[in-house]
Each structure stands twice: as C-alpha cells, then as structure tokens.
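To start, the structure under review is shown below, and the notes come after it.
Numbering (full-length UniProt numbering), first residue to last: 1 to 218.
Dropping the structure here:
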C-alpha cells in the first residue's frame, strides 16, 4: 500500500472516504466488494483497506502491469476463474472467515471485468457465496469515476483529480442460504449502481471547483 501512496502523490490524486466508520468500526470478519474500473482501483482501496485483509482477483491480473505487481506485493490471492483450484481456494477462505478467531476480511471485485462506461457489469456470485457460507456481512464500497482526471483511452492523466469513496451500509447474511445468493447479489448491485452516478458527479464538481481556485490563486 506504500506504493499506492507514492502514486497518489506523483499524479496529484486525492482520495476522500465517506462513511469510513461503517467499515472501520465493524467488528469481526466480513467480505468487502467494490466496483472495478481500472488498475487505479488500488489507489482508492489503499485508503479504505480494513487490515488485516486479503484481496482476491482473477489470475490474469497478476500479469496486468503495476496492478499485478502491487497486488502481489500486498499478498493478493490470484485465482483461475471457473477452475477447481479456484473453487477450493474460495472454500478455504470461507472456512477461515467463518472462524471468528481468524480475524480476516476479504476484498473482491464482483464485476470480475473492468467497467469504464458508467454502467456496472454483471456481478459474479463468488463474493456472495463466500459471505453466505461464512455467515458474515457484505460491505459494499463505491468509488467515483476517474474520468475527471484520467483518460483511459489515451492512458493519460489530464489533471490532478479527486476520487470519492463511499462505504455503504453493511449487508447481513445471517440466516441466508445458497438459494438466496442471486437475490442478494442483485440487491447489493442495485444499491451500489444507484450510488455511483451521484458520487461521480460530486467528485467532478469538487475537483472542478478546486482547479478553479488554483487558477484564481495564480
């Protein structure tokens, strides 16, 4: 996470976390999920990170530039999607999460694939199966769009920018079973998707106002 701190300083990216107490003060083990936009996600994650925590990502990201390097340095668990080894790894994580004395949190991108068009992708069910298996809460975290400072198509930082992260209310899984996973996934996705637009607009507005103030100061 030190690497992420240097990256934010290098490119002038500010991260502001809203309602961080919802994750900071949550006792016990839980599963954190967040929207997946690009390798820059690790910058926002570093400001919310509920230590001790394990990031779970698909194995192909291990070779995705500095995301893979940073993930590897942070102890990320890289899994091969759809393979028996991945299923076995998730079950082992579920067993550890279910053990209250293990003190473990797991962070997963349920979309699996990066999304950059403003719409949330379909949520994979792995994170929700994991939470239901262990009977631990799901904590949704939404990061605002990076479009106010980063051009993904041109891979260029246009200006110093702001990322807003909002920690949403934890969602209980107590009493839920495997049959409840699809509905749980859709419910959480709907709440996160509804938050993304207003949060991104607010980030763009605050970043624009800050830029105007800098121009006036000059």
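Glycine included, every Cβ here is placed at the ideal spot set by N, Cα and C. Quick caveat: nothing in here was measured; it's all calculated off a predicted structure.
Residue i versus the options, residue with shortest Cα-Cα distance
i: residue 27; options: 196, 137 and 43; result: 137
i: residue 105; options: 31, 134, 36 and 133; result: 31
i: residue 147; options: 56, 12 and 204; result: 204
i: residue 179; options: 129, 98 and 37; result: 129
i: residue 181; options: 199, 96, 125 and 46; result: 125
i: residue 160; options: 48, 208 and 142; result: 208
i: residue 131; options: 58, 33 and 39; result: 33
i: residue 127; options: 101, 103, 145 and 79; result: 79
i: residue 85; options: 141, 38, 58 and 191; result: 58
i: residue 96; options: 29, 190, 38 and 193; result: 29
i: residue 171; options: 165, 54 and 190; result: 190
i: residue 35; options: 145, 50 and 77; result: 145
i: residue 50; options: 107, 76 and 41; result: 107
i: residue 101; options: 76, 52 and 77; result: 52
i: residue 54; options: 76, 20, 41 and 46; result: 76
Between the CA atoms of residue j and residue i - distance to the nearest angstrom
i: residue 216; j: residue 206; result: Residue placement at residue 216 is flagged as unreliable, the pLDDT there being 49, under the threshold of 50; a coordinate-derived value is accordingly withheld.
i: residue 157; j: residue 201; result: 19 Å
i: residue 56; j: residue 18; result: 23 Å
i: residue 195; j: residue 120; result: 11 Å
i: residue 110; j: residue 87; result: 15 Å
i: residue 44; j: residue 143; result: 7 Å
i: residue 90; j: residue 98; result: 12 Å
i: residue 25; j: residue 139; result: 12 Å
i: residue 197; j: residue 103; result: 34 Å
i: residue 48; j: residue 93; result: 21 Å
i: residue 37; j: residue 150; result: 11 Å
i: residue 16; j: residue 193; result: 19 Å
i: residue 164; j: residue 177; result: 33 Å
i: residue 39; j: residue 183; result: 29 Å
i: residue 46; j: residue 186; result: 26 Å
i: residue 12; j: residue 41; result: 15 Å
Residue j beta carbon less than 8 Å from that of residue i
i: residue 14; j: residue 199; result: no
i: residue 22; j: residue 169; result: yes
i: residue 174; j: residue 135; result: yes
i: residue 188; j: residue 167; result: no
Complete runs of the beta strand (DSSP E) confined to the segment 169-195 [at least 3 residues]: none
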